[in-house]
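Numbering (the numbering used here), first residue to last: 444 to 553.
Ideal Cβ positions, reconstructed from N, Cα and C, are used throughout, including at glycine.
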Ligand SMILES: [Cu+2]
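As structure tokens, this is what we get:
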């Protein structure tokens with residue numbers, strides 16, 4: 444009985460590794476304010492091919508992305524999010540895109 448449970452556990456662990464092969468999770472700061480920002484940021488991140496999940500937290504302003512590192516890299520996510528008007532740790536959004544954001548979404552810039 445015990446060996447049966449053990450082999451099930453081993454199979455589960457192996458299965459998990461196979462599923463997540465090539466998948467990476469990365470977390471970085473993205474500037475924004477509200478729920479509209481959240482939708483915009485997550486949509487932009489998910490528009491990158493190879494990104495399977497994107498979650499932005501308005502309280503911590505951290506964006507967590509899950510992506511296949513054989514298909515894409517985290518820099519492309521930075522570029523896509525900045526392209527939607529939100530500054531990231533690495534990439535600054537263009538002024539004209541930032542200026543088009545609704546007033547509630549105009550996060551503070553340095
Ligand atoms: Cu907003």
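Cβ shell of residue i (< 7 Å), same chain only, five flanking positions each side left out
i: residue 490; result: 523
CB-CB length for residue i against residue j, believed under 8 Å
i: residue 508; j: residue 488; result: 5 Å
i: residue 477; j: residue 529; result: Between residue 529 and residue 477 the Cβ distance is about 12 Å, and since that is not below 8 Å, they are no contact.
Whether residue i touches residue j by CB criterion (8 Å)
i: residue 550; j: residue 475; result: yes
i: residue 473; j: residue 493; result: no
Coil, strand or helix - residue i by DSSP
i: residue 401; result: No information on residue 401 is available, as it lies outside the stretch 444 to 553 that the chain covers here.
i: residue 504; result: coil
i: residue 490; result: coil
i: residue 472; result: strand
i: residue 531; result: strand
C-alpha gap between residue i and residue j, whole angstroms
i: residue 486; j: residue 553; result: 25 Å
Contacts around residue i, its chain only, beta-carbon distance under 6 Å, and the 5 residues preceding and following it disregarded
i: residue 497; result: 485, 488, 489 and 508
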